[in-house]
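In the numbering used here, the protein residues as written are 696 to 985.
In structure tokens form, the structure reads like this:
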């Protein structure tokens with residue numbers, strides 16, 4: 696049986712909620728700030744692990760390539776459903792951690808410490824014995840992202856690249872090289888603009904580069920470019936939601952699942968917005984179920 700291969704980070708997300716609004720704070724306050732957190736949670740996170748979690752919800756067979764410290768314990772669902780044989784565990788090193796501060800308007804400040812993620816190159820595609828039908832390289836240790844994308848692009852399988860948060864950390868040479876691999880590119884609206892600016896490319900040049908290009912637009916849904924034609928797909932309306940941060944990891948998982956099952960990319964994106972809508976009903980990543 697062919698499987699989905701997910702390359703990406705695993706981390707702990709430490710989320711603090713601030714009842715006020717960041718925009719009301721003065722410059723002086725921001726320069727030396729102390730905020731009262733009204734709510735705190737620590738959840739499993741990381742782009743790769745989040746995608747794997749959503750695939751596990753779909754009962755889809757997947758392999759996770761990632762690196763963790765000796766303090767990391769995957770969620771029960773991931774341990775039960777996902778192949779973790781190729782996870783690298785670095786001894787005497789903490790797993791990657793993010794500290795996220797969200798205000799009452801869902802504006803966020805995020806601080807990230809990579810720690811064990813810097814050893815991701817030890818989790819190699821070449822070690823994988825199983826056959827894979829589709830793969831995704833998401834945010835991770837930058838040299839490893841490039842290494843995995845380059846290795847996987849030589850295989851005759853559908854390739855998705857998703858640089859996401861690491862775009863701002865990549866230099867132009869690294870980003871340009873990474874973008875050379877893959878059939879499908881996924882980015883949010885802000886990341887897409889970053890790519891255009893860093894690579895000095897036009898929108899039409901980037902659209903022509905890929906078989907499919909997906910630009911997520913937060914609550915507005917997403918824009919799908921297929922064969923140079925743009926289609927807008929609306930997000931599923933949710934009346935009362937808690938946290939939108941990890942919605943698009945859920946979307947990515949459904950797209951992987953749908954393409955594996957033979958769905959057209961248009962339908963895959965539409966159904967993906969449904970899965971994404973479940974993830975925003977609870978606070979924190981890897982907390983939703985259906």
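Even glycine gets a Cβ: it sits at the ideal position worked out from N, Cα and C.
Three-pair Cβ contact test at 8 Å for the region 839 to 854 versus the region 812 to 822: With a cut-off of 8 Å, the region 812 to 822 and the region 839 to 854 count as touching, because enough Cβ pairs lie within range.
Rounded straight-line distance, which links the Cα of residue 770 to that of residue 983: For this step, residue 983 is matched to residue 288 along the chain shown. For this step, residue 770 is matched to residue 75 along the chain shown. When only Cα atoms are considered, residue 983 and residue 770 end up about 12 Å apart.
Three-state secondary structure assigned by DSSP to residue 902: Along the chain shown, one-based indexing puts residue 902 at 207. Three-state result, residue 902: helix.
Same chain only: Cβ atoms within 6 Å of residue 946, ignoring 5 sequence neighbours per side: Taking the chain shown and counting its residues from 1, the one referred to as residue 946 is at position 251. Apart from the 5 residues on each side of it in sequence, residue 946 sits with its Cβ closer than 6 Å to the Cβ of 967, 971 in its chain, given in chain order.
Residues bridged to residue 1002 (per DSSP): Residue 1002 falls outside the range modelled here, since the chain spans only 696 to 985, and no answer is possible.
Pair within 9 Å by beta-carbon distance, residue 733 and residue 708: The residue you call residue 733 lines up with position 38 of the chain shown. The residue you call residue 708 lines up with position 13 of the chain shown. In terms of Cβ geometry, residue 733 and residue 708 do not form a close pair [threshold 9 Å].
Distance between beta carbons of residue 882 and residue 910, contact taken as under 8 Å: Residue 910 sits at position 215 when you count from the first residue of the chain shown. Residue 882 sits at position 187 when you count from the first residue of the chain shown. For residue 910 against residue 882, the beta-carbon gap comes to about 6 Å, under 8 Å, which counts as contact.
Assigned exposure category for residue 740 - 16 Cβ within 10 Å defines buried: As a working note, residue 740 is residue 45 in the chain shown. Buried is the call here.
Residues bridged to residue 879 (per DSSP): Your numbering for residue 879 matches position 184 in the chain shown. Residue 879 has 855, 907 as its beta-bridge partners, per DSSP.
Through-space distance from residue 872 to residue 891, alpha-carbon basis: In the chain shown, the residue the question calls residue 891 occupies position 196. In the chain shown, the residue the question calls residue 872 occupies position 177. Those two C-alpha atoms are separated by around 14 Å.
The region 853 to 870 contacting the region 824 to 834, beta-carbon criterion three pairs below 8 Å: Between the region 853 to 870 and the region 824 to 834 there are three or more inter-stretch CB-CB distances shorter than 8 Å, so the stretches are counted as touching.
CA-to-CA distance, residue 710 to residue 797, given in whole angstroms: Taking the chain shown and counting its residues from 1, the one referred to as residue 797 is at position 102. Taking the chain shown and counting its residues from 1, the one referred to as residue 710 is at position 15. C-alpha separation (whole angstroms): 7 Å.
Residue 825 versus residue 737: straight-line alpha-carbon distance, rounded: As a working note, residue 825 is residue 130 in the chain shown. As a working note, residue 737 is residue 42 in the chain shown. C-alpha separation (whole angstroms): 33 Å.
Sequence-distant residues of the same chain with beta carbon closer than 8 Å to residue 754, five excluded per side: Counted from its first residue, the chain shown places residue 754 at position 59. Excluding sequence neighbours, residue 754 sits near 776.
Nearest-angstrom Cα separation, counted from residue 973 out to residue 781: The count along the chain shown starts at 1 and reaches residue 781 at position 86. The count along the chain shown starts at 1 and reaches residue 973 at position 278. Going from the Cα of residue 781 to the Cα of residue 973 covers about 29 Å.
Opening and closing residue of the beta strand (DSSP E) in which residue 865 lies: The count along the chain shown starts at 1 and reaches residue 865 at position 170. No beta strand (DSSP E) holds residue 865; DSSP gives it neither H nor E.
Residue 766 to residue 701 span [Cα, whole Å]: Taking the chain shown and counting its residues from 1, one reaches residue 766 at position 71. Taking the chain shown and counting its residues from 1, one reaches residue 701 at position 6. Roughly 21 Å separates the two Cα atoms.
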